[in-house]
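First comes the structure, then the notes that go with it.
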Amino acid sequence: MKTAKLIVMYPTPIDLKTFERRYADEHVPMAVEKLVGKTRFVASLILSNTDKSAAPFHRIAEVYFPSLAELKACLNSPGGQETAQHAVEISSGGEPLFLISEVETFDF
Numbered sequence: 001m002k003t004a005k006l007i008v009m010y011p012t013p014i015d016l017k018t019f020e021r022r023y024a025d026e027h028v029p030m031a032v033e034k035l036v037g038k039t040r041f042v043a044s045l046i047l048s049n050t051d052k053s054a055a056p057f058h059r060i061a062e063v064y065f066p067s068l069a070e071l072k073a074c075l076n077s078p079g080g081q082e083t084a085q086h087a088v089e090i091s092s093g094g095e096p097l098f099l100i101s102e103v104e105t106f107d108f
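For the sequence shown, full-length UniProt numbering assigns the number 1 to the initial residue and increments by one for each residue that follows.
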C-alpha cells in the first residue's frame, strides 16, 4: 500500500547553535503535537555528502501519513500551517525546501 510523506530539507544554518536549540526545543514538539494524522516522524542530521564534502542541507525531516489526502489535509489545517511557518522562521540558512512524496515500502 502506498503512503505519503512530507519532506522538509533545511539548508545549513547561519547560526547552528540557535537553529539546533529551536529545532529541538520548539519545532519538534510543535510537529509532534500539531501535525494531525501523522504516523511517523524521522529527523535526520546530515553529516556530509558521500564524498565527505559539505552537504547543502543540515537537517531533513520526514513526516509520514497513511495517504496523500491525509497529508494534504494536515498541511491545510491550522496546526499544519503554523508548523510550516515555524520551519521557515527558524531556518537561518535560507527557506527550507518542502516536498511531498508518495511512498512505497519494500521490507527485506
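Virtual Cβ for every residue (Gly too), placed ideally from N, Cα, C.
query                                                                    : result
For A4, the first and last residue of its enclosing beta strand (DSSP E) : T3 to P11
Straight-line Cα distance separating P66 from F98                        : 18 Å
Residue from V103, S77 and V88 with nearest C-alpha to E62               : V103
Distance CB(Y64)-CB(K5) smaller than 9 Å                                 : yes
P96 versus P56: straight-line alpha-carbon distance, rounded             : 11 Å
C-alpha gap between M30 and A24, whole angstroms                         : 10 Å
Nearest neighbour of S91, chosen from R40, R59, F108 and C74 [CA to CA]  : R59
Contact under 9 Å by Cβ, S77 with V32                                    : no
Anticipated Cβ contact below 8 Å, E82 with K34, distance rounded         : 6 Å
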